[in-house]
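Residues 64 to 546 in this note's numbering are what the sequence shown lists, from first letter to last.
Ideal Cβ positions, reconstructed from N, Cα and C, are used throughout, including at glycine.
Reading through the structure tokens given below for one structure.
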Amino acid sequence: MCNFRNRQSSQILVFVQLKNDTYFYKMKLKLLVLFTALPCVSLFAQKDDSAMFRKISDEIMLHGQCYDNLRILCKQVGNRLSGTAGAEKAVVWGEKAMKETGADLVRLQACDVPYWYRGKESLALQYDKKGTFRKTTALSLGNSHGTDGKVLDAEVVMVHNFDEFRALPNDAVKGKIIFFNYRFRQDFTFTFNGYGDGVKYRWASPSIAASRGAVGVLIRSMSTGADDFPHTGGMHYNDSFAMIPEMALGNYTADTLERNCLKGIVRARMQSECYMKPSKVRSYNVIGEIKGSETPEKIITVGGHLDSWDVGEGAHDDGAGCVQSMEIIRAFKALGIKPKCTIRAVLFMNEENGDKGGEAYADTARVRHENHVLAIESDAGGFSPRGIGMEMSEDKKEKIIKYKDLFLPYGVYDFSREEGGTDISPLKKELNVPLAGLLPDTQRYFDVHHTNNDVFETVNHRELKLGAVVMAQLIWLTDQYGL
Ligand SMILES: [Zn+2]
């Protein structure tokens with residue numbers, strides 16, 4: 064566009080010179096040049112913006128530390144459920160790693176978190192009356208209360224959904240283990256929609272089953288995987304009913320159980336020690352920031368959550384978001400970018416089973432009357448970025464969408480989704496802060512999410528870095544032009 068207009072201007076110049084060098088033509092020329100040059104200002108700005116986007120990308124893709132940081136977090140700290148020694152170790156590591164980014168200020172922010180203990184657990188299934196009980200892999204759901212270490216032996220009754228469960232007569236439920244065989248819907252292209260659709264079975268089944276006298280619950284995992292990894296994750300009891308145990312099965316085991324339930328009587332033996340400890344444990348968010356050079360009171364926050372479930376290594380969920388957020392501080396420092404606003408990277412504690420870190424951060428922001436321009440979260444895996452979700456007013460969305468072409472070379476095209484992040488959501492609730500969420504490709508996230516397979520090896524270094532690039536670019540834009 065700009066080149067075309069310049070060409071037009073020079074044609075006008077030739078024309079004017081042929082027509083004698085009169086005052087009239089000179090004036091007309093000046094006006095025409097001015098007229099044609101004006102729209103170029105913003106286009107030149109876009110050109111500068113795209114050069115800056117490239118600079119940020121080159122710095123992170125060539126010199127980024129986030130992949131190395133993720134390796135250390137996964138392999139030296141490991142999984143880190145809130146309240147555990149692993150989480151404590153993660154805070155110590157996070158503080159050190161944050162300092163190494165060159166942040167102007169690094170601090171810890173206290174929050175009190177629940178501590179759910181898993182202990183030993185086992186599940187065995189018997190597929191016909193005379194058959195032996197076969198041990199199978201299963202995971203208790205987070206926050207659930209187990210069998211107090213005793214063996215719970217009962218018949219399994221399969222239903223596919225809550226409607227089928229409600230239709231069962233009482234004697235088909237009482238004293239039984241209910242198998243909620245609800246499949247993760249594979250027809251949702253955006254897999255978070257499938258998760259949103261099915262997660263109620265993980266979250267609410269035990270109390271719904273206990274309300275009619277069931278003694279235990281098995282669920283098909285919230286999993287897109289063609290494998291047998293069971294997926295843990297948060298569940299919740301309604302105080303009015305007994306706290307019965309809940310375990311998740313991998314897809315293959317669930318398929319086998321389904322076939323056998325259709326054939327005849329199946330029994331299960333559940334044994335588990337898990338329980339929620341009665342008192343909270345002191346823990347911390349890790350915060351690092353670059354102080355704003357012009358308007359330090361304005362804050363742009365970017366974060367992920369430092370806690371994970373107690374299986375695997377919490378690589379995609381959400382080691383990725385933590386190391387990407389720290390990478391932004393490192394890259395800005397390395398590039399000598401002096402942002403106008405304060406840029407804060409936050410490693411939030413306790414997203415998985417309480418969100419106490421997110422709440423503590425928002426509470427402090429409210430008490431201190433902090434002015435957050437934007438909060439961004441990466442908590443959807445370390446896969447290739449595809450979009451930026453936004454929870455903000457339409458005019459603010461428009462401001463970001465105006466720059467969408469700048470993001471295209473980095474694979475980001477989807478600005479259509481209303482997504483922020485769990486850790487930053489209290490900022491919106493309490494202070495109406497505009498939220499954004501990095502939206503990576505979602506096809507493989509629910510293969511590994513909350514499983515023993517969420518390990519460092521499943522993260523690709525280019526995809527991880529590219530996610531950090533896109534968030535750094537969005538932060539740079541927001542800092543330059545406001546929101
Ligand atoms: Zn997460």
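Close beta carbons around residue i, own chain, < 7 Å, minus the five adjacent residues each side
i	result
residue 519	133, 134, 137, 138, 376, 378
residue 357	403
residue 464	478
residue 238	217, 276, 278
Beta-bridge pairing of residue i - partner residues as DSSP gives them
i	result
residue 41	Within the shown structure, residues of the chain are numbered from 64 to 546, placing residue 41 beyond reach of any answer.
residue 217	331
residue 117	None, per the DSSP bridge assignment.
residue 307	Its beta-bridge partners do not exist; DSSP assigns none.
residue 376	BP columns for residue 376 are empty, so no partner.
residue 434	361
residue 410	349, 367
residue 405	362
residue 448	503
residue 173	347
residue 180	338
residue 470	The partner list for residue 470 (beta bridge, DSSP) is empty, contrary to what the question assumes.
residue 243	222, 282
residue 439	365, 499
Own chain partners of residue i with C-beta closer than 8 Å, once the 5 adjacent residues on each side are dropped
i	result
residue 397	122, 126, 165
residue 391	365, 406, 408, 531, 534, 535, 538
residue 340	146, 177, 178, 179, 180
residue 198	185, 186, 187
Residue i to residue j span [Cα, whole Å]
i	j	result
residue 300	residue 207	8 Å
residue 147	residue 373	9 Å
residue 513	residue 306	22 Å
residue 162	residue 151	17 Å
residue 244	residue 265	11 Å
residue 272	residue 236	8 Å
residue 56	residue 475	For the chain, the structure presents residues 64 to 546; residue 56 sits outside this window and is missing.
residue 361	residue 544	13 Å
residue 536	residue 530	10 Å
residue 445	residue 191	43 Å
residue 478	residue 540	15 Å
residue 261	residue 250	13 Å
residue 497	residue 317	41 Å
residue 439	residue 303	38 Å
residue 436	residue 363	6 Å
residue 336	residue 289	29 Å
residue 167	residue 217	59 Å
residue 180	residue 433	36 Å
residue 158	residue 170	7 Å
residue 431	residue 172	14 Å
residue 140	residue 325	44 Å
residue 466	residue 480	16 Å
residue 97	residue 457	Per-residue confidence for residue 97 stands at a pLDDT of 41, beneath the threshold of 50, marking its modelled position as unreliable; the derived number appears in the next sentence. Roughly 33 Å between the two C-alpha positions.
residue 395	residue 411	21 Å
residue 507	residue 286	10 Å
residue 473	residue 155	33 Å
residue 224	residue 298	17 Å
residue 99	residue 459	The predicted position of residue 99 is uncertain, since its pLDDT is 42 and thus under 50; no value can be drawn from it.
Residue i burial status per 10 Å Cβ neighbour count (16 or more: buried)
i	result
residue 258	buried
residue 368	buried
residue 294	buried
residue 348	buried
residue 182	exposed
residue 233	exposed
residue 413	buried
residue 329	buried
residue 386	buried
residue 102	Reliability of the predicted coordinates at residue 102 is poor, the pLDDT of 40 falling under 50, and no value is obtained from them.
residue 274	exposed
residue 452	buried
residue 401	exposed
Beta-carbon contacts of residue i that lie in its chain and below 6 Å, excluding the five residues immediately before and after
i	result
residue 334	185, 210, 214
residue 241	220, 272, 277, 280
residue 248	257, 260
Short Cβ contact (8 Å threshold) for residue i with residue j
i	j	result
residue 219	residue 231	no
residue 346	residue 314	no
residue 371	residue 415	yes
residue 447	residue 501	no
residue 421	residue 521	no
residue 503	residue 429	no
residue 516	residue 292	yes
residue 177	residue 417	yes
residue 188	residue 196	yes
residue 469	residue 228	no
residue 526	residue 425	no
residue 482	residue 454	yes
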